[in-house]
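>
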Amino acid sequence: MNSELILEKMEIKDNTFARQFETLVDGKLISVEYSFQEKKIFLTRINVPEGFTDENFINDLLKNIMEIAYERKLKVVPILPKIALFFRKNTIYRDLLPPGIKI
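One point on numbering: in my numbering, the residue at position 11 of the sequence shown is 13, and numbering is uninterrupted.
In structure tokens:
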């Protein structure tokens, strides 16, 4: 992992039953849905409360999820275009992409 990256840790719950990473902001649930296949995690959807527009928070949430992927030695497959855009903007996470996936 890139040592110059400073990340604000947030509390993220891995709800394996609902297959989503969850966190609370102002008492409201924000989640990123996923599915697993072998050693890959497919990020499929971001759920935010109506009227939530804090893109910086979403980016921080995705950065924290990337840290979880590093810890668990998983490859990340961004299904959602918004998550693919995150990878384009944050090139330090490109090594999390499985071989053959270019973004």
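Where a beta carbon is used, it is the ideal one built from N, C-alpha and C, also for glycine.
Give me the residue from D62, A86 and E40 with the minimum Cα distance to R47.
Taking the first residue of the sequence shown as position 1, residue 47 is located at position 45. Ranking the options by Cα distance to R47, first place goes to A86.
> For the beta strand (DSSP E) containing F133, name the first residue and the last one.
Because residue 133 is not part of the residues shown, which for the chain are 3 to 105, the question remains open.
> Distance, Cα to Cα, V125 vs I32?
The shown model of the chain, from 3 to 105, leaves out residue 125, and the question about it has no answer.
> Compute the beta-carbon to beta-carbon distance between F88 and N66, rounded to the nearest angstrom, for a pair I have assumed lies under 8 Å.
Reading the sequence shown from its first residue, position 86 is the one you call residue 88. Reading the sequence shown from its first residue, position 64 is the one you call residue 66. Contact between F88 and N66 is ruled out by a C-beta separation of about 12 Å, above the 8 Å threshold.
> Starting from the Cα of V34, find the closest Cα among I105, L76 and M68 and give me that residue.
Counted from its first residue, the sequence shown places residue 34 at position 32. Comparing Cα-Cα distances from V34 to each of I105, L76 and M68, the minimum goes to M68.
> Does DSSP classify T25 as helix, strand or coil?
By 1-based counting over the sequence shown, the position of residue 25 is 23. Three-state result, T25: strand.
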